[in-house]
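A.B. asks:
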Amino acid sequence: MDIGIVIKVACLYIVVAACETLNGIARTLFLNRWIGFKKAKRVSMISALLLCLLVCYFYIPILNIRTDSGLLILGISLSLFMLLFDITVGRYVAKTSWGLIIDDFNILKGNLLGVGMVAMAFCPLLSSRLAN
34 MDIGIVIKVA
44 CLYIVVAACE
54 TLNGIARTLF
64 LNRWIGFKKA
74 KRVSMISALL
84 LCLLVCYFYI
94 PILNIRTDSG
104 LLILGISLSL
114 FMLLFDITVG
124 RYVAKTSWGL
134 IIDDFNILKG
144 NLLGVGMVAM
154 AFCPLLSSRL
164 AN
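Going by my numbering, the residue at position 116 of the sequence shown is 149; the numbering climbs one at a time, nothing skipped.
1. What are the uninterrupted segments assigned as alpha helix (DSSP H) that are 4 or more residues long and contained completely in the region 88-160, given in chain order?
2. Please report the straight-line C-alpha distance between residue 145 and residue 91, rounded to a whole angstrom.
3. Please list, in chain order, all residues of the same chain as residue 53 whose beta carbon is under 6 angstroms from its beta carbon, the five residues on each side excluded.
4. Thinking C-beta only, is residue 78 closer than 8 angstroms to residue 111?
5. Beta-carbon within less than 8 angstroms of residue 133's beta-carbon, same chain only, minus the 5 sequence neighbours each way: which residues are those?
Listed below in structure tokens is the structure:
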């Protein structure tokens with residue numbers, strides 16, 4: 034495997050993680066106060082997906098991945114990276130309990146993080162389609 038593509042993909046992960054982190058900070062500082070915690074989490078999921086789509090729109094051409102399967106693999110790997118990133122930051126930076134972390138993925142409790150992760154897997158493919 035070409036080390037150049039690995040570095041480029043890692044950079045994509047970092048840019049998306051940075052955008053998602055800033056989105057979470059903005060949600061915590063502003064949206065939580067304006068519309069409440071639960072609604073803010075739902076609104077923030079939409080803005081997070083739009084940010085991911087925007088990053089992918091500009092970044093995917095740099096990766097030069099042209100097949101749908103390649104874009105889906107990239108999207109799935111991006112979602113898995115963000116899953117690990119969210120868990121790591123939540124657990125070890127924010128000192129969140131495992132119970133609360135798991136609850137973030139529980140759709141039965143109205144939490145949509147799991148849905149967002151699945152949707153994120155399609156961002157590279159969708160952004161490529163929008164660009165063409």
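Cβ coordinates follow ideal geometry from the N, Cα and C atoms, glycine included.
C.D. replies: So, from the listed chains and residues:
1. Inside the region 88-160, DSSP marks whole alpha helix (DSSP H) runs of 4 or more residues at positions 101-121, 131-136, 146-153, from first to last along the chain.
2. Approximately 26 angstroms, taken between the alpha carbons.
3. Same-chain partners within the cutoff: 81.
4. Cβ distance not < 8 angstroms, so residue 111 and residue 78 don't count as in contact.
5. Result list for residue 133: 123, in chain order.
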